[in-house]
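J.: First the structure, which I've put down as C-alpha cells, then a few questions once you've had a look.
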Amino acid sequence: MKVSYFPGCTLKTTAKELDAYTRASAKALGVTLEEIENWQCCGGVFTTANDEIATKLSSIRALTEANAKEQPLVSVCSACHNVIKQTNRAMQTDADFAFRVNNYMRMQSDTYTEYHGEARVMHFLELLRDEIGFDKVAAAVKNSLKGKKIAAYYGCLLLRPGKTMQMDDVENPRIIEDLIRALGAEPVIYASRNECCGGYVALDSPDSAAKQSRKVLDGAISAGADLIVTACPLCRYNLIKNGKSDIPVVYFTELLAEALGVKETEDAQ
Amino acid sequence: MPRIGVFVCWCGSNIAGTVDVSTVSEAVKNEQGVVFSTNYQYMCSQSGQDIIKNAIRKHNLTGIVVCSCSPRMHEATFRKTAAAAGLNPYMVEIANIREQCSWVHKDMLTGTQKAIVLTKAAIAKVNLNSPLTPGESPVTKRALVIGGGIAGIQTALDIADAGFPVDIVETKPTIGGKMAQLDKTFPTLDCAACILTPKMVDAAQNDKIRIYSYSEVEEVNGFVGNFDVKIRRKARYVKEELCTGCGLCTEKCPQKKVPNEFNMGMDNRRAIYIPFAQAVPKVATIDADYCTMLKTGKCGVCSKVCTAGAIDYKQKDEIITERYGAIVAATGFNPISMDKFDEYAYSQSKDVITSLEFERLTNAAGPTAGKLLRPSDGKHPHTVVFVQCVGSRCAAAEKGKEYCSKICCMYTAKHAMLIRDKYPDVEVYVFYIDVRTPGKNFDEFYRRAVEEYGVHYIKGMVGKVSPEGDVLKVQASDLIANKQLHIDADLVVLAAAIEPDKSARSLATMLTASMDTNDFFTEAHPKLRPVESPTAGVFLSGACQGPKDIPETVSQAGAAASKVIGLLAKDKLIGNPCIAHSDEMMCNGCSSCERVCPYGAITYVNKEFRMPDRTTLVRRVASVNEAVCQGCGACTVACPSGAMDLRGFTAQQIMSEVDAICK
Amino acid sequence: MQVSEYKPRIVAFCCNWCSYAGADLAGNNRLNYPAEVKIIRVPCSCRVNPSFVLRAFQRGADGVIICGCHPGDCHYTSGNYYTRRRMAMLFSMLEYLGIEKERTRVEWVSAAEGAKFAATMNDFVETVAALGENKRLEDLRCKR
Amino acid sequence: MHNKDNVTERVLRISGVNARRCMKCGKCSASCPSYDEMEYHPHQFVYMVESGDVEPLLNSRSIYKCLTCFACVDRCPRGVEPVKLVEAIRLEVIREQGANHLRADDVPAKIDEDVPQQLLVSAFRKYAK
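In C-alpha cells form, the structure reads like this:
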C-alpha cells in the first residue's frame, strides 16, 4: 500500500536513524512511504489556544496533500503525529477554526479545496497494527528478538489527549507491547510508561525534566527491562541524557528493522 | 338541539361582590342553546343543587353551565348533581368566575363583563359536549415482581401479606440480589445476611409467593389489570422439585475452575453450584458454559452422586405464560466496569479492587473467610486507600455517569471503619470530593469513622495508581494542604459508580415504561408519584429507579407494594373518559401519535373497511387503549390528519371557547 | 394615555395540573391581573394545537399565552416538552407572518406560583398593549 | 488599573474552557507530573480563572512548568481541560506583555550536541512569541 509520510524536522537531523529504520521496515513490509512535498516543521507541540492559526498551517498543508492523494498521513515521530492529529481533530470539530483556516488557505492557492479533517491520520504503529497486522509483522520476522526483555515507553504525546489520539487505552496501552511480542521479545510492563519524560521543559528547567525521566527509567529498570523503546526523539534524548548509561534507549523502528533483518541494509543507512 | 341551563353562583359576596350576577344570568339568556338561566347565593349548597336538579328535570336540560368557583373545587360536586338528575355528568361545564374573575378584579363592571365572556365560552363548549361513559376493565388479582433482590423480595412480601398472590422472576439461580453479597450494613453495622436471609426464607415459604429463579421475562402484552407475560425458565439441568440442596454434587464436580460470580470472581466454584449457603431456592444449577458433560457428553459425576436423581442433562428452557394485574420492576443495579478508569490500575493489579469485591473480602463467607488479605499474595495489607466517586459525577458519558451514586460515601465509611476496628495496625485513607451523608444517623456514622476510628479522610482525588513491585504507588491531591501526596498502598479500593442492570432497557421496552438517559426507570411524577411508572399498572421498586441504599429501597418497595395492593383490591378499573379517540376513517396510519404517546397507549391495527363500492379495504389505523390512555392530548396535536381527538377537550370545543373569548 | 385606554384581548391556555391551579392560587391570594386575560383550561399544555393559536389570532386576539408545568414536572411526564418544541416552531412562523414575537409566549407556572402567574399576566398584557391591536391575522369576516 | 476582567475573559475565550464545570475534585493536580515544580497547581489555575483572579498566574513561573502532557485533560471527570488554561495564560503573557520566556541568544548555553530539533521548536513555541 501507499501512504503519505510526514517525517518531521528531527528525523532529518538528530534522529536520522528513526527515519531510516522506518523506511527500511516499511519497504520490507510492502508499504510505500510517499514523503509529503515541501513539508514544514509541525512546531513540536500543539497549541491548544483556539485562536492560533498560523502555528497549525504546516499540519494543514500536509493533511490536505495527503487527502488529495486519498492516502492516510503517516508519521513516526510522536510529536509530529500528535500535532497533526490534534489539528485534524480541530478541523473536524471546531467549525470556526476550520472556517478561518480554509479562508486563509484559499488565499494562498486558487486550487485549494475546502478541508474539514477528512484525511486519516495514522502513527506508524497504527499502520503496523491496523493495516499490516501484527500477525503479518510476526510472520515477516527474520531475527527473532527472543529472550530480550523490552520496556515500551509511550510518553504522553502518543496517547493523549485520548479522545483525539484514539490510539489505545490511555492508561493501560498495549500497542507497543503487542509489537514487541510480535518481534519475539518479552514486553515489560511498568506504571510510568505513559508518564511524560519532561519534554521541552528540559531546556528551561533541566532538573525538573530529569526527575520525570528518572521516574520512567527507574520504573523500567526495576521491572527488569534490558532495553527501552520509544517513538519520540525528545523522549529518547531526555531518557538517554538522564539515564547515563543505565539502560539503552532505542526507537521502536530500530527494533523492528533488526527483527525484519533490514537494519544493516542499504535502505536503513 | 341542546337545551342548556346556566346557573350563576353568588358565593355569598365572594362572587357577587365584584360580579353583578343577575346581569350575568340575564346576559347569556339568548346564547345558543340556552333555555334557562338563573342565579343563587350558594349553588354548591343542598338547596343550590336542588335548583339545578329541578331545572334539569323541568326544562329537559341536555347540558348545564355552572358559573362558580374553580372546577378544581366543585366540578365533581356538580357532576354528581347532574347525574342525580339523570344527566350525563360530562354534560357539565364550569365557568370559573371566582378564582379567575371576582377575586382578581376589583371593579364591578370589569368583573361582570369578564364573567359574561367566561360564561359564554362555557356555553359554547357545552353545546358541543357529548355524554361520556368511563370504560371498565377487569383486574387479574396477581402481581409480578421482576427482580429478586431486597427490593423485589420486600415488595412481594408486602403484596402477599395483603392476601394477593405474587410471582418473583429472578434471572440468577437464587434470590437475594446485591444485598446477599454485602457484609455489614450502614449505619448500624448489622450483618446483611442476618437481616436478609430470613426475608428470603419468608418469601420461599409464603404460599402466596411463587419464585421463578433462573428465569427471565421474555414478552409482555396487555395493559393495566391484564398483563400477559411470557417467562423463560432457563434450563438449570437440575429438577428443582427433586433437588434437596444437599450440595454433594457441588463438592464432587471435577470442573473446579469456574470464576465464582458471587465472590466477584475472587475464587472459583464448580460447574454445578449453589451460589451460597442460604440460597433460595436451595437448588443446584449446572453452568452450561463450563459443564464437561453438557459440552462433551463425558462426565456425569453429579448425576452419579445425586441420590435424589435430580440431575437432568436433557432439560430444556421452558416458556410459561401468566396473566398479572400489576407488574413491579425491581431490576436493581451493578457497579460500572472499571475498564475506562485504568489510571487506578484496576486491570493491572489484583490488589486494586472495587467496593463490592471488598464486601466479599471482609465477609466471613467470602473467599478469605473474612480475613483482610491482599488478593495478589494473600498477605495482610498495612495501608489501604479508598477512592471515592470512581465514575460517579463524571461528565464524560463514554467513561462514567454524571449522577452521584449516593451509596458510596456511606459504604466507604463503613469499610474504613471495619478495617480499623479489626486491624488497628492498618492505615486507612479515604480520598473524597465531597462526603455526602444525608440520612438518619449517617453523618454521625461518618464522623465516627474519622474521630473514633482514625480513618484519614483527605479531600482530593487520586490521579494515578502505579503498581510497582508489590506496592501500589498512589499519587493524589490533598486539596486542603495544597499538596500532592504519594502513598505506598497495599490495597486500593475503588468506589465504582453504580448503573441500572443491563436487563432494564429491554424490560422497559417490553413494558413501554420510560427511562431516563441513564437507563433508570422514570417515575410517573418525580415528587408525587415516585413508585409508579407513567405506564399504568407498572410500578418501580429499588435502584432501578435511581441509586438507593437499603433503607430507602425497602421503603420504596413497601410503597410500590401498597400501590399494587390498591390496584389489585379493585374488582374493575374505571377509566377517565376524557381520553384520546381516533376517527378510523380519517386515520392514515402514519404512527405520529404512537411516537409521542408517553404511555404506549396507542397501537396500530389492520382493520377491514367496507368501501362505498361494496369492496373491502384493509387499512392500518391507530387504536387507543382506553385503559392505558391518560388523556394528555399530545397525540391530538401530533396527528397530521386530524383523526385523533381528545374527548371532553375536543378541538371543536376548545376552538368554540376561543371564538367566544375573542368575540 | 391612549395606550392604556386600549384593552388587548388575551387568550391564555393553562394546563389543568399546574398553571390552571396557579391561576386559582393567584385568585385565592387576591393577586390582581388584567381582566383582558381569559383562561381556557386544557388537560396539558401539549393539548394546545397550533391551530388553536392561529384561530385566536384569526378571531381577533391580540396575544396568546400558553402556560404549562415546569420542564420535568409535567403531569404527563413529557407533554410540556412537546409544547416547547411545537410552539417554538409556530412562533417563529408567526413572526415571519408579521405577528410580533412578543404577542406569543410559553411560560411555566406551577400550582404554587400564584404570584408568578399574576406577574406573568401583568407583564404580558402590558407588552401586548404596547404593541397595539393585532390586525395582521384578524379575519374581518369573523368580526361581529 | 490593569483590566482584570478583560484578561480573564480573553483567557477563557482562547482556551475554550468552561471553568464553571469544575467540581473541585483535584484530580488534575493529583495527575500533574509537574506539581511540585509549581507554585500554583492545576486546580488552582481553574479556580483562579473562574473567580477572575488571573493576575498572580500571569506573574508566576508555574506557567512555564506545565509539560502539556494532557494527563489533567484525560483524567478530569468534568471535561474542564486545565492545560488549556495554562496555555492561554502563558500566551497572554507572551503576546500581550511581549515577555518572551526564552531568548534565542540564551539558547546555545543551554544545549548540547545531541539536542533534537524538536526540543528547540517546542520550547520556542511554548516560551516565545
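Protein chains in written order, with the numbering used here: chain A, 6 to 274; chain B, 274 to 936; chain C, 1133 to 1276; chain D, 1024 to 1152.
Just so you know, even glycine gets a beta-carbon here, dropped at the ideal spot from N, CA and C.
Given 8 Å as the limit, is there contact between the segment 1108-1116 of chain D and the segment 1027-1044 of chain D, that is, 3 or more CB pairs closer than that?
T.: Yes, the segment 1108-1116 of chain D is in contact with the segment 1027-1044 of chain D.
J.: Please go through the same chain and pick out, in chain order, the residues whose beta-carbon is closer than 6 Å to the beta-carbon of Ile609/B, but skip the five residues on each side of it.
T.: So the list reads Gly664, Ala769, Ala770, Glu772, once near-sequence residues are dropped.
J.: Run down chain B in chain order and give the residues with a C-beta less than 9 Å from the C-beta of Arg1101/D.
T.: Residues of chain B passing the Cβ test: Arg666, Cys667, Ala668, Ala669.
J.: Return no unless some Cβ of chain B is closer than 7 Å to the Cβ of Lys1050/D.
T.: Chain B contact via Cβ: present.
J.: Can you find the residues in the same chain that come closer than 6 Å, C-beta to C-beta, to Glu867/B, ignoring five residues on each side of it along the sequence?
T.: Once the five neighbours on either side are set aside, the close Cβ partners of Glu867/B are Ile875.
J.: Gly359/B to Cys1274/C, Cα distance in whole Å?
T.: If I take the Cα positions, the gap works out to 37 Å.
J.: Can you find a C-beta in chain B that's less than 7 Å from the C-beta of Tyr1237/D?
T.: In the structure displayed, chain D extends from 1024 to 1152; residue 1237/D sits before or after that span and is not available.
J.: Give the residues from the segment 723-743 of chain B that approach chain D closer than 8 Å (Cβ to any Cβ), ordered along the chain.
T.: For the segment 723-743 of chain B, which is checked against every Cβ of chain D, the residues closer than 8 Å are Lys732, Gly733, Met734, Val735, Gly736, Lys737.
J.: Have a look at the DSSP bridge pairing and note the partners of Leu758/B.
T.: Ala749/B.
J.: Between the alpha carbons of Thr580/B and Tyr510/B, how many angstroms are there, rounded?
T.: Cα to Cα, Thr580/B sits roughly 15 Å from Tyr510/B.
J.: Would you say Val1143/C reaches chain B, if we count a Cβ-Cβ gap shorter than 7 Å as a contact?
T.: Yes, Val1143/C counts as interfacial toward chain B.
J.: As a quick exercise: from Lys147/A, Ala84/A, Tyr195/A, pick the residue whose alpha carbon is nearest that of Leu162/A.
T.: The shortest Cα separation from Leu162/A among Lys147/A, Ala84/A, Tyr195/A belongs to Ala84/A.
J.: Give every residue of the same chain whose Cβ lies closer than 8 Å to the Cβ of Ala594/B, excluding the five residues on either side of it in the sequence, and list them in chain order.
T.: Checking the displayed sequence, the identity of residue 594/B turns out to be Thr instead of Ala. Within the same chain, Thr594/B has close Cβ partners Asp501, Val502, Lys503, Ile504.
J.: Out of Thr18/A, Pro253/A, Phe257/A, point me to the one whose CA is closest to Glu1136/D's CA.
T.: Nearest option by C-alpha distance: Thr18/A.
J.: Determine the chain B residues that contact Arg1084/D at a beta-carbon separation under 7 Å, and present them in chain order.
T.: The contacting residues do not exist; Arg1084/D stays about 17 Å from chain B at best.
J.: In whole angstroms, what is the alpha-carbon distance linking Ala103/A and His121/A?
T.: Approximately 7 Å between the Cα atoms of the pair.
J.: With a CB to CB cut of under 7 Å and the five nearest residues on each side skipped, what residues in its chain are close to Thr406/B?
T.: Closer than 7 Å at the Cβ level, and outside the excluded window around Thr406/B, lie Pro850.
J.: For the segment 755-822 of chain B, which segments carrying the alpha helix (DSSP H) assignment without a break, of at least 4 residues, lie completely within its bounds, in sequence order?
T.: Segments of the alpha helix (DSSP H) lying fully in the segment 755-822 of chain B: 776-784.
J.: Ser1136/C CB to nearest chain B CB: under 7 Å?
T.: A caution first: Ser1136/C carries a pLDDT of 49, below 50, which makes its placement in the model unreliable, though a value can still be read off. No, Ser1136/C does not count as interfacial toward chain B.
J.: Run through the DSSP bridge pairs and tell me what Arg596/B is partnered with.
T.: Beta-bridge pairing links Arg596/B to Asp501/B.
J.: Expressed to the nearest angstrom, what Euclidean distance is found between the alpha-carbon atoms of Val146/A and Ile706/B?
T.: Near 51 Å, if we compare the C-alpha coordinates of Ile706/B and Val146/A.
J.: As a quick exercise: from Lys1267/C, Cys1176/C, Asn1161/C, pick the residue whose alpha carbon is nearest that of Ala1144/C.
T.: Here the closest residue by C-alpha is Cys1176/C.
J.: When the Cα atoms are used, what is the spatial distance from His655/B to Ala230/A?
T.: Cα-Cα distance, rounded: 29 Å.
J.: Output yes if chain A places a C-beta closer than 7 Å to the C-beta of Ser628/B; else output no.
T.: Output row for Ser628/B: interface = no.
J.: Would you call the CB atoms of Val399/B and Ala368/B closer than 7 Å?
T.: No, they are not a contact pair.
J.: At least one CB of chain B closer than 7 Å to the CB of Ala1053/D: is that the case?
T.: Yes, Ala1053/D lies at the interface with chain B (some Cβ there is under 7 Å from its Cβ).
J.: Report the rounded CA-to-CA distance for Ala1247/C versus Gln373/B, giving the unit in angstroms.
T.: Distance between the alpha carbons of Ala1247/C and Gln373/B is about 13 Å.
J.: May I have the straight-line CA-CA distance separating Val418/B from Ala433/B, to the nearest angstrom?
T.: Answer to the nearest angstrom: the Cα atoms are 11 Å apart.
J.: Enumerate, from N- to C-terminal direction, the unbroken beta strand (DSSP E) stretches of 3 or more residues contained entirely within the segment 209-274 of chain A.
T.: If we require 3 residues or more, the beta strand (DSSP E) runs fully inside the segment 209-274 of chain A come out as 232-235, 254-256.
J.: Which of the three DSSP states, helix, strand or coil, is assigned to Val474/B?
T.: Correct three-state label for Val474/B: helix.
J.: What does the alpha-carbon distance come out to for the pair Pro1166/C and Asp1271/C?
T.: For Pro1166/C and Asp1271/C, the distance between alpha carbons rounds to 25 Å.
J.: In chain order, what residues of the same chain lie with their CB nearer than 7 Å to the CB of Leu265/A, ignoring the 5 residues before and after it?
T.: Taken in chain order, the residues that qualify are Ser30, Ala33, Ala145, Val146, Lys147.
J.: From the DSSP output, in three-state form, read off His1207/C for me.
T.: His1207/C falls in the coil class under three-state DSSP.
J.: Just the Cα atoms here: how many angstroms apart are Val1135/C and Asp1194/C?
T.: In this prediction, Val1135/C scores a pLDDT of 43, lower than 50, which makes its location untrustworthy; the coordinate-derived value is nonetheless stated afterwards. Roughly 14 Å between the two C-alpha positions.
J.: May I ask you to list, following chain order, the residues of the segment 1172-1185 of chain C that have a beta carbon less than 8 Å from some beta carbon of chain B?
T.: Residues Ile1172, Arg1173, Val1174, Pro1175, Cys1176, Cys1178, Arg1179, Val1180, Asn1181, Pro1182, Ser1183, Phe1184.
J.: Can you pull out the residues from the segment 779-799 of chain B whose beta carbon lies closer than 8 Å to at least one beta carbon of chain C?
T.: Residues passing the 8 Å Cβ filter: Ser787, Thr795, Ala797, His798, Pro799.
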